[in-house]
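Undergrad: Quick one: the structure is below, questions incoming.
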Amino acid sequence: MATSTDSKGASRFWSFVWELRIIIALLVICIILSFASDYFLIQSNLINVLRQVSINGLLSIGMTFVILTGGIDLSVGSMLAFGGVVTASFVSNAYKHVPNLHPLLAILIGLSAGVALGAVNGLVISKVKVTPFIMTLGMLSIARGLTFIYTNGMPVTDLNKDFLVIGQGYIWFLPVPVVIFLAAFILAWVILYGMKFGRYVYAVGGNARSARISGINVSFIIFMVYVISGFLCALGGILLTARTSAGLPQAGQAYELDAIAAVVIGGTSMTGGKGALLGTLMGVLIIGVINNGLDLLSVSSYYQQVVKGLIIVGAVMLDYFQADSDR
Amino acid sequence: MSKLIRSLMVMAACLAVMGCLSQAGEKVYRIGGAAYGLSGEYMKLWATALERHPAVTQGLVQVTVFDGRYDASVQQSQFETMSAQKYDAILFVPIDIEAGAAAVATASAAGIPVIGSNTRVNSDLLTAYIGSNDVVSGYLEAKAVIDKMGGKGNVVIIEGPIGQSAQIERLEGNKKALAEYPNIKVLEQKTANWSRAEALALMENWLTAHPGQIQGVIGQNDEMALGAVQAIKAAGLDLSKFAIAGIDGVSDAITAVKNGEMDLSILQDAVSQAQGALDIALGQIIPNYQPLSACWKDYADMKWEGGKLKVYDVPWTPITKANADEQWAKRQDLTSR
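Here is the structure:
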């Protein structure tokens, strides 16, 4: 028992050092950019960056839970689109065949739609034991198809002004999407580090068998992480809808790549059990800051993709390096 | 000689038709609509218009629309399917000007006429093409933006996916207009992949990098122009101080023009491109066919000429505040289920 606590303490220590490394990387990138562009380090730009990362941020939080259990969720972009258009349809004056509801009610329906899709993922993965990759790959297609069926392939427009506040409004000086992202992050932090559930998520990803033997309801934990992911995707879709003033059925395509990238850059191991939410936040910010910085510097988007790819591979290489030194 | 072959073919076709008639009462032609992808509003309108062509609603033609899923190889296999099933004609909207040539060759080898629609394809085997010249739309939108700016100031260009023919040709048109006005400076030019969300972030970053310096936005499609509108609104800036134009005439853009948020959207006529293509196809397979779509009456410049021309040019319709209401009503009519 004592040794297991020790090794846990050691891995906690290493993950702490690892988190610091990413923070340092983020700081270095920010310092370089603030020398390269006069407009990087100003309040309005930093707020822009936060607003631009808030949607990927929400997806990445959910993705962190999923990857911590050793799973993967490829369907995030499609679930985002579905949650977005469902919500939009209930606040659209152009959609005559569904009632025009109070924005909060519409948001609740949209969130439920995301939860439902996530629950299907979770059920099939935890009970039928279809591998997460296959199930969520299927859901990527299913949810996108449902989105097109629901909207007949057309954007849902003419949205209620009160609803748009959630994407375009401010609370004090912070944009609403940023506030929602930060709130979701803090809540996720509490769940992951302040509750038994969080410890179980790590335990399931570390070794599902020993987790089961020690009395953890493994399939419930696995079910729940996909529900959380579905919920956050729908929330992201709702924010995107309010931000662009339209429920776009083709929204969120390839968003899973950025979410996985943020988690991986953040140092969470793809095999599960190891990683940290703070790392994911840093990963999200690194991707956002690079996209923003390269726009400010008028660098072609081609380079943007190369840089992002290099950072992903570099981060994983460091991960292996760390794993080696652990042994 | 070729006349002889042709008349033989016509006779053969007549015999075939008569054969069918005797069997099933009236021959129903099977036409395939090969759309590059049905995720966007534009192709959705195209497909809807096709299915509402009088020849389809009257039961003369059975139309099947294929979703190319933005992938040339998917379109290729769909052509193989249609050729194997001996479709009477194919209406083809290729994902790319170069990528569709092999697909056209496949159908041509099976003796099926292929009518290009909306996007050209580099192939001699194409029976005919109906579409709108993207260079013209690029020129018109840039000109409108420059005119509103009074011929001087700074613009940004939000481009389509680099290398797609619409992006290449619209940019050519943009540049043609810009070349006429040396006092216009292009501050930034970058792709947002036809996406509203991408254009929104891009424009936010540009507004930060060039505070107070951008007066014009040339969006190579409406979705991206709308993203720029959102960014300008989000930054708390006055939209009326910006000249903003887009292309395609999607529903949201018509609304934005009505509300004065956008200055111009150039309507690409999906109805005429789809229904015109079907008429041209029927003109190829039915002797003395008279076109049924209303689109031939809509434009004085687009003449039927017996359905035998190689290229039909569908004119663009600029949507400004003056005609936005009328265009909106037309669109409502098309999108109502």
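First to last, the protein sequences are chains A and B. The first sequence begins at 1 in the working numbering and counts up one residue at a time. The second sequence begins at 328 in the working numbering and counts up one residue at a time. Every residue gets a Cβ at the ideal spot worked out from N, C-alpha and C, and that includes glycine.
1. Cα separation between L661(B) and A376(B)?
2. Between which two residues does the alpha helix (DSSP H) holding N291(A) run?
3. DSSP on F393(B), reduced to helix/strand/coil?
4. Using a threshold of 9 angstroms, state whether the C-beta atoms of I221(A) and F197(A) are closer than that.
5. Using 9 angstroms as the limit for Cβ to Cβ distance, is D652(B) near chain A?
6. Which of the three DSSP states, helix, strand or coil, is assigned to E673(B)?
7. Check whether the Cβ atoms of A437(B) and L452(B) lie closer than 9 angstroms to each other.
8. Does DSSP classify G273(A) as helix, strand or coil?
9. Are at least three pairs of beta-carbons, each pair with one atom in the stretch 538-546 of chain B and one in the stretch 470-489 of chain B, less than 8 angstroms apart?
10. Would you report the Cα separation of L348(B) and L140(A), rounded to the nearest angstrom?
11. So does L452(B) have its beta carbon nearer than 8 angstroms to some heavy atom of the ligand ATP?
12. Consult DSSP for T64(A) and reduce its assignment to one of helix, strand or coil.
13. In chain C, which residues lie with their C-beta within 8 angstroms of the C-beta of E515(B)?
14. At 8 angstroms on the CB atoms, spell out the chain A contacts of K371(B), in chain order.
15. Taking 8 angstroms as the threshold, find out whether the stretch 157-177 of chain A comes into contact with the stretch 226-243 of chain A through three or more Cβ pairs.
16. Please list, in chain order, all residues of the same chain as N100(A) whose beta carbon is under 8 angstroms from its beta carbon, the five residues on each side excluded.
17. At 4 residues or longer, and completely inside the stretch 433-470 of chain B: list those alpha helix (DSSP H) runs for me, N to C.
18. So the candidates are Q412(B), W533(B) and H537(B); which of them puts its Cα closest to the Cα of K517(B)?
19. Return the residue from the list G77(A), L50(A), V49(A) and S219(A) that minimises the CA-CA distance to G62(A).
20. For R144(A) and L59(A), what's the separation of their Cα atoms in angstroms?
21. Does L348(B) come out as helix, strand or coil in the three-state DSSP assignment?
22. For G206(A), does the three-state DSSP call read helix, strand or coil?
23. Can you pull the chain B neighbours of F148(A), defined as C-beta to C-beta under 8 angstroms?
24. So, does the CB of G543(B) fall closer than 9 angstroms to a CB anywhere in chain A?
25. Can you say whether S28(A) is buried or exposed, counting buried as having 16 or more other CB atoms within 10 angstroms of its CB?
26. Going straight from the alpha carbon of Q547(B) to that of L514(B), what length do you get?
27. Under the rule that 16 or more other beta-carbon atoms within 10 Å means buried, what is Y302(A), buried or exposed?
28. Using 8 angstroms as the threshold, is the stretch 440-459 of chain B in touch with the stretch 634-653 of chain B, meaning 3 or more CB pairs across them?
29. Please confirm if R212(A) has its CB atom under 9 angstroms from at least one CB of chain B.
30. Under three-state DSSP, which class holds N160(A)?
31. For the alpha helix (DSSP H) that Q611(B) lies in, which residues bound it at each end?
32. Does D579(B) get closer than 9 angstroms to chain A when you measure Cβ to Cβ?
33. Under DSSP, the alpha helix (DSSP H) around N481(B) begins and ends at which residues?
34. Using a Cβ-Cβ cutoff of less than 7 angstroms, which residues in the same chain neighbour A188(A) once the five nearest sequence positions on both sides are dropped?
35. Is it right to say A627(B) is buried, meaning 16 or more other beta carbons lie within 10 angstroms of its own, or is it exposed?
36. Quick check on DSSP: helix, strand or coil for F35(A)?
TA: In short:
1. Indexing the second sequence from 1 puts residue 661(B) at position 334. Indexing the second sequence from 1 puts residue 376(B) at position 49. Those two C-alpha atoms are separated by around 7 angstroms.
2. Indexing the first sequence from 1 puts residue 291(A) at position 291. L277 to L296 is the extent of the alpha helix (DSSP H) around N291(A).
3. Here residue 393(B) corresponds to residue number 66 of the second sequence, with the count starting at 1. In this structure, F393(B) counts as strand in the three-state DSSP scheme.
4. Residue numbering aside, residue 221(A) sits at position 221 when the first sequence is read from its first letter. Residue numbering aside, residue 197(A) sits at position 197 when the first sequence is read from its first letter. The answer is yes: Cβ separation under 9 angstroms.
5. Indexing the second sequence from 1 puts residue 652(B) at position 325. D652(B) does not count as touching chain A.
6. Since the first residue shown for chain B is 328 and the last is 664, residue 673(B) is missing from the structure and cannot be characterised.
7. Locating residue 437(B) in the second sequence gives position 110, counting from the first residue. Locating residue 452(B) in the second sequence gives position 125, counting from the first residue. Contact flag unset, no.
8. By one-based count along the first sequence, residue 273(A) stands at place 273. In the structure shown, G273(A) sits in coil (DSSP, three-state: anything other than H, G, I, E or B).
9. yes
10. In the second sequence, the residue the question calls residue 348(B) occupies position 21. In the first sequence, the residue the question calls residue 140(A) occupies position 140. Unreliable placement is indicated for L348(B), whose pLDDT of 46 sits below 50; the coordinate value is still reported in the next sentence. Using only the alpha carbons, I get a separation of about 46 angstroms.
11. Here there are no bound small molecules, and the ligand ATP is not part of this structure.
12. In the first sequence, counting from the first residue as 1, residue 64(A) sits at position 64. It is helical.
13. Considering every chain present, this structure includes no chain C. Its protein chains are A and B.
14. Reading the second sequence from its first residue, position 44 is the one you call residue 371(B). Those are N152, G153 and M154, listed as they occur along chain A.
15. yes
16. Taking the first sequence and counting its residues from 1, the one referred to as residue 100(A) is at position 100. These residues qualify, in order along the chain: F90, V91, S92, N93 and N160.
17. none
18. Mapped onto the second sequence, residue 517(B) falls at position 190. For K517(B), the nearest C-alpha among the options comes from W533(B).
19. Within the first sequence, numbered from 1, the residue matching residue 62(A) stands at position 62. Comparing Cα-Cα distances from G62(A) to each of G77(A), L50(A), V49(A) and S219(A), the minimum goes to G77(A).
20. Here the question's residue 144(A) lines up with position 144 in the first sequence. Here the question's residue 59(A) lines up with position 59 in the first sequence. In a straight line, the C-alpha of R144(A) is about 16 angstroms away from that of L59(A).
21. As a working mapping, residue 348(B) is identified with position 21 in the second sequence. Because the pLDDT at L348(B) is just 46, under 50, the model does not fix this residue reliably, and the value given afterwards should be weighed accordingly. Three-state DSSP puts L348(B) in a helix.
22. Looking up residue 206(A) in the first sequence gives position 206. In this structure, G206(A) counts as helix in the three-state DSSP scheme.
23. As a working note, residue 148(A) is residue 148 in the first sequence. L365 and S366, listed in chain order.
24. Position 216 of the second sequence, counted from the start, is the residue given in the question as residue 543(B). False, the Cβ-Cβ gap to chain A never drops below 9 angstroms.
25. Along the first sequence, read from residue 1 onward, the residue named residue 28(A) stands at position 28. Residue identity check: residue 28(A) is Val in the sequence provided, not Ser. So V28(A) ends up on the exposed side.
26. Position 220 of the second sequence, counting from 1, holds the residue named residue 547(B). Position 187 of the second sequence, counting from 1, holds the residue named residue 514(B). Whole-angstrom Cα-Cα distance: 16 angstroms.
27. Counted from its first residue, the first sequence places residue 302(A) at position 302. Answer is exposed; the Cβ neighbour count stays below 16.
28. yes
29. Reading the first sequence from its first residue, position 212 is the one you call residue 212(A). It does not; no Cβ of chain B falls within 9 angstroms.
30. Indexing the first sequence from 1 puts residue 160(A) at position 160. In this structure, N160(A) counts as coil in the three-state DSSP scheme.
31. For the purposes of this step, residue 611(B) is taken as the residue at position 284 of the second sequence. That run of the alpha helix (DSSP H) goes A597 to I612.
32. Indexing the second sequence from 1 puts residue 579(B) at position 252. Chain A, which has a Cβ nearer than 9 angstroms to the Cβ of D579(B), makes this yes.
33. The residue you call residue 481(B) lines up with position 154 of the second sequence. Premise fails: N481(B) lies in the beta strand (DSSP E), G480 to E486, not in any alpha helix (DSSP H).
34. On the first sequence, residue 188(A) is found 188 positions in, with the first residue counted as 1. These residues qualify, in order along the chain: I61 and L277.
35. On the second sequence, residue 627(B) is found 300 positions in, with the first residue counted as 1. A627(B) should be labelled exposed.
36. Within the first sequence, residue 35(A) is the residue found at index 35, counting from 1. Here F35(A) sits in helix by DSSP.
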